[in-house]
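As structure tokens, the structure follows; a few thoughts come after it.
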Amino acid sequence: MRIYISADIEGVCGSTHWDECSKDKSDYSEFQKQMTAEVAAACKGAFAAGAKEIVVQDAHASARNMKHGDLPEGVKLIRGWAGNPKAMVQELDNSFDALMCIGYHSRAASSGNPLAHTMRGSYIDHIKINGEFASEFSLHGIYAATMEVPTILVSGDVALCDEVKMINDNITTVAVKEGVGDSTVNIHPKEAIQKIWQAAESALQGDLKQCLLPTSDQYNVEIRFKKHQQAYNASFFPGCELTDPQTITFTTKEFFEVLRMIQFVIK
Ligand SMILES: [Zn+2]
Numbered sequence: 027m028r029i030y031i032s033a034d035i036e037g038v039c040g041s042t043h044w045d046e047c048s049k050d051k052s053d054y055s056e057f058q059k060q061m062t063a064e065v066a067a068a069c070k071g072a073f074a075a076g077a078k079e080i081v082v083q084d085a086h087a088s089a090r091n092m093k094h095g096d097l098p099e100g101v102k103l104i105r106g107w108a109g110n111p112k113a114m115v116q117e118l119d120n121s122f123d124a125l126m127c128i129g130y131h132s133r134a135a136s137s138g139n140p141l142a143h144t145m146r147g148s149y150i151d152h153i154k155i156n157g158e159f160a161s162e163f164s165l166h167g168i169y170a171a172t173m174e175v176p177t178i179l180v181s182g183d184v185a186l187c188d189e190v191k192m193i194n195d196n197i198t199t200v201a202v203k204e205g206v207g208d209s210t211v212n213i214h215p216k217e218a219i220q221k222i223w224q225a226a227e228s229a230l231q232g233d234l235k236q237c238l239l240p241t242s243d244q245y246n247v248e249i250r251f252k253k254h255q256q257a258y259n260a261s262f263f264p265g266c267e268l269t270d271p272q273t274i275t276f277t278t279k280e281f282f283e284v285l286r287m288i289q290f291v292i293k
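All residue numbers for the sequence shown refer to the working numbering, where the first residue is 27 and numbers rise by one.
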């Protein structure tokens with residue numbers, strides 16, 4: 027059994043302010059440790075359930091947050107950004123049995139986390155796919171589903187877990203905090219680690235294929251940018267159309283093309 031884990035920091039237990047997610051700030055090290063501990067817990071749960079190989083992608087900011095030595099032996103860690111449109115699931119392919127998203131967070135244009143955003147907060151007001159708001163979870167989860175890889179576990183804030191359950195109720199979720207305005211209400215960090223460990227182990231004992239995200243024959247994408255200049259620039263990507271000064275639309279039958287477009291229009 028091969029497992030892919032994509033890890034972010036805005037959805038780990040405790041993280042509340044950008045200073046706690048930024049390498050150059052003194053507040054960061056505590057949450058870097060918590061991110062590593064939550065991912066290590068998911069790895070240990072997966073190994074206990076029979077996983078033979080685990081690939082972890084560090085998928086926050088520089089993508090150089092976690093200490094590899096603090097993850098269990100046998101885990102491969104992807105550090106840095108290759109520049110691949112697969113973004114937060116760079117090496118994911120159909121050889122994997124399941125995807126887990128740890129430390130994930132609420133989407134842009136939601137109030138579920140003080141740090142809510144989708145992909146690049148300074149650019150994107152919101153992304154919609156076929157009329158529904160998209161998150162980093164749904165973007166990567168749908169892409170995984172196009173390769174028949176189910177997303178079996180998601181940890182993060184309460185609103186993200188609600189989104190996951192709305193999309194596919196079979197996916198296991200672990201809510202480690204709840205966003206309230208510019209604050210978070212957190213469970214104890216050690217409790218978060220314990221819950222993620224147990225959830226990873228039990229999720230792998232279920233019917234994994236029930237956890238595929240729904241795919242579609244066609245994807246109608248809308249991106250609303252924060253600035254009209256960003257939308258104007260994005261409108262020159264092949265297939266993108268400017269529908270109002272801050273919004274572009276894009277239609278494709280291949281979900282990878284959605285990720286390719288996003289990668290190029292948020293540069
Ligand atoms: Zn992040």
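Using N, Cα and C, we set each Cβ at its ideal position, and we do this for glycine too.
message = Rounded to the nearest angstrom, what separates His86 and Ala108 at their Cα positions?
response = 13 Å
task = Measuring alpha carbon to alpha carbon, tell me which of Val184, Leu125 and Asp53 ends up nearest Ile299.
result = Residue 299 lies beyond the stretch modelled for the chain, which goes from 27 to 293, so this question has no answer here.
query = Just how far apart, CA to CA, sit Phe282 and Tyr169?
reply = 7 Å
key: Proximity below 8 Å, CB of Glu162 to CB of Tyr130   = yes
Gly147 versus Glu189 - alpha carbon distance = 19 Å
query = Measuring CB to CB, does Leu118 end up less than 8 Å from Gly167?
reply = no
message = Using DSSP's beta-bridge definition, name the partner residues of Ser181.
response = Val200
message = Could you check whether Met92 and Met61 sit closer than 8 Å to each other, using their CB atoms as the reference points?
response = yes
task = Would you mind giving the Cβ-Cβ distance between Leu165 and Met126, rounded to the nearest angstrom? I have them listed as a contact below 8 Å.
result = With a Cβ gap of about 16 Å, Leu165 and Met126 do not count as contacting.
ask   = For Trp223 versus Gly71, is the C-beta spacing smaller than 8 Å?
value = yes
Neighbourhood of Thr177 by C-beta distance below 7 Å, restricted to the same chain and skipping five residues each side = Leu125, Cys127, Gly167, Ala170, Ile197, Cys237 and Leu239
ask   = Quick one: is Asn120 buried, meaning 16 or more other Cβ sit within 10 Å of its Cβ, or exposed?
value = exposed
ask   = Helix, strand or coil for Phe276 per DSSP?
value = strand
message = Contact defined as beta carbons within less than 8 Å: I believe Thr275 pairs with Glu267. What is the distance between those atoms, to the nearest angstrom?
response = 5 Å
request  = Classify Asp270 as buried or exposed, calling it buried when 16 or more other Cβ atoms lie within 10 Å of its own Cβ.
outcome  = exposed
ask   = Looking only at DSSP bridge pairs, what is Glu248 linked to?
value = Lys154 and Thr275
task = With a 10 Å radius around its C-beta and 16 neighbouring C-beta atoms as the bar for buried, classify Glu99 as buried or exposed.
result = exposed
ask   = Are Val291 and Ile153 closer than 8 Å when you measure CB to CB?
value = no
query = So Ile29 and Asp123 are in contact, right, with Cβ under 8 Å, and what is the actual spacing, rounded?
reply = 7 Å
query = Sorry if obvious, but does the Cβ on Ala87 come closer than 7 Å to a heavy atom of ligand 1?
reply = yes
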